[in-house]
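J.: Please see the structure below; I have some questions.
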Amino acid sequence: NAGVTQTPKFQVLKTGQSMTLQCAQDMNHEYMSWYRQDPGMGLRLIHYSVGAGITDQGEVPNGYNVSRSTTEDFPLRLLSAAPSQTSVYFCASSYDGSSYEQYFGPGTRLTVT
Amino acid sequence: AQSVSQHNHHVILSEAASLELGCNYSYGGTVNLFWYVQYPGQHLQLLLKYFSGDPLVKGIKGFEAEFIKSKFSFNLRKPSVQWSDTAEYFCAVNLANTGFQKLVFGTGTRLLVSP
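The listed protein sequences correspond, in order, to chains A and B. Heads up: the first sequence at position 48 corresponds to 48 in the numbering used here, and the numbers run straight through without jumps. Heads up: the second sequence at position 29 corresponds to 1029 in the numbering used here, and the numbers run straight through without jumps.
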């Protein structure tokens, strides 16, 4: 199993550009999440999904969209990038919502200039 | 608002020293508690967790944590650190039965162990 994979590893965007961060898992997990990690802020939940076709907002959803058309994939879309979205983004998955043992991807480091 | 505090942002130790990283939370009620670790260049992984029962929890790689309800604390300990323990450590908390989406992470503690 590859676990949770994320692409790209690094990305530089200009303000106003859009892009999609990819996340995939091969563990047949129902639950998937996107977090951003900022210095001094810990990890904050952006969006999450409890199964294909079902998504919901986390703590900091503004400026991001998600969809979950398959169990495996959970892409995160930045609609119009802003410097405040410079961060490290982590995707995570878990096999149910109560175990809390989330498996994290390697992260995407995004810089918006 | 519910919050998780990790007061030590950076810790530097020599190999074989003992480690204690603090974690305090502000929730009322029954909580689930976690420590995650992120080694350099790697993704976060679960170190240990507490749901109920014995408040002293053993995790991987010789780590343990003690839940002290009266102090709202869940400190991470290791009797003798190794260079390979250099990493960032995150405490996380949520109210029992509220789901993974309610998990709140602390700001992290960067541990550097010198050989």
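Just so you know, even glycine gets a beta-carbon here, dropped at the ideal spot from N, CA and C.
Let me check understanding here. Comparing Cα to Cα, which of B:H1009, B:N1008, B:S1014 lies closest to V1081 of chain B?
T.: Ranking B:H1009, B:N1008, B:S1014 by Cα distance to V1081 of chain B puts B:S1014 first.
J.: Go to M32 of chain A, then tell me how far its beta strand (DSSP E) extends in each direction, as first and last residue.
T.: Note, M32 of chain A: beta strand (DSSP E), 31 to 38.
J.: How many angstroms separate the CA atom of N1024 of chain B from the CA atom of V1011 of chain B?
T.: If I take the Cα positions, the gap works out to 17 Å.
J.: Kindly indicate which three-state DSSP category Q1002 of chain B falls into: helix, strand or coil?
T.: Three-state DSSP puts Q1002 of chain B in coil, outside helix and strand.
J.: Spell out the partners DSSP gives A92 of chain A in its beta bridges.
T.: Answer by DSSP bridge pairing, in chain order: A:S33, A:F104.
J.: Which residues, in chain order, does the region 22 to 56 of chain A contribute to contact with chain B at a C-beta distance below 9 Å?
T.: Listed by position along the chain: Y31, S33, Y35, Q37, P39, G40, M41, G42, L43, R44, L45, Y48, V50, D56.
J.: Near S87 of chain A, what residues of its chain come up, given a Cβ to Cβ distance below 7 Å and the 5 sequence neighbours on each side ignored?
T.: Same-chain partners within the cutoff: R36, Q37, D38, L110.
J.: Are the CB atoms of S18 of chain A and S67 of chain A within a distance shorter than 8 Å?
T.: No, the Cβ-Cβ distance between S67 of chain A and S18 of chain A is not below 8 Å.
J.: How would you list, in chain order, the residues of chain B whose beta-carbon sits under 8 Å from the beta-carbon of E101 of chain A?
T.: The answer, in chain order, is L1046, K1049.
J.: Please look up how many angstroms separate the CB atoms of L1046 of chain B and F1034 of chain B, rounded, as I've assumed it's under 8 Å.
T.: With 8 Å as the limit, L1046 of chain B and F1034 of chain B qualify as a contact, their Cβ atoms being about 7 Å apart.
J.: Just to confirm my understanding: we take M32 of chain A, look at its own chain, exclude 5 residues before and 5 after, and list those with CB closer than 6 Å. What are they?
T.: Taken in chain order, the residues that qualify are S49, F74, S93.
J.: Let me make sure I understand the geometry here. Which of B:S1084, B:F1051, B:F1105 has the alpha-carbon closest to that of A1092 of chain B?
T.: Selected option, being the one with the closest Cα: B:F1105.
J.: Just to confirm before moving on: does the CB-CB distance between L21 of chain A and Y103 of chain A stay below 8 Å?
T.: No. Outside cutoff.
J.: What did DSSP end up calling F1100 of chain B once you bin it into helix, strand or coil?
T.: Three-state result, F1100 of chain B: helix.
J.: Use the C-beta contact count for L1094 of chain B: other C-beta atoms within 10 angstroms, 16 or more gives buried, fewer gives exposed.
T.: According to the sequence shown, residue 1094 of chain B is Asn rather than Leu. Counting Cβ neighbours within 10 Å, N1094 of chain B comes out buried, since at least 16 surround it.
J.: Compare the C-alpha of K1078 of chain B against each of B:F1072, B:G1041, B:G1022, B:Q1006 and name the closest.
T.: The option with the nearest alpha carbon to K1078 of chain B is B:G1022.
J.: Using the Cα positions of F10 of chain A and E1088 of chain B, report the straight-line distance between them to the nearest angstrom.
T.: Going from the Cα of F10 of chain A to the Cα of E1088 of chain B covers about 20 Å.
J.: Do G51 of chain A and A82 of chain A have their CB atoms nearer than 8 Å?
T.: Their beta carbons are not under 8 Å apart, which means G51 of chain A does not touch A82 of chain A by this criterion.
J.: Taking DSSP as the reference, what is the three-state secondary structure of K14 of chain A?
T.: Note: K14 of chain A maps to coil in three-state DSSP.
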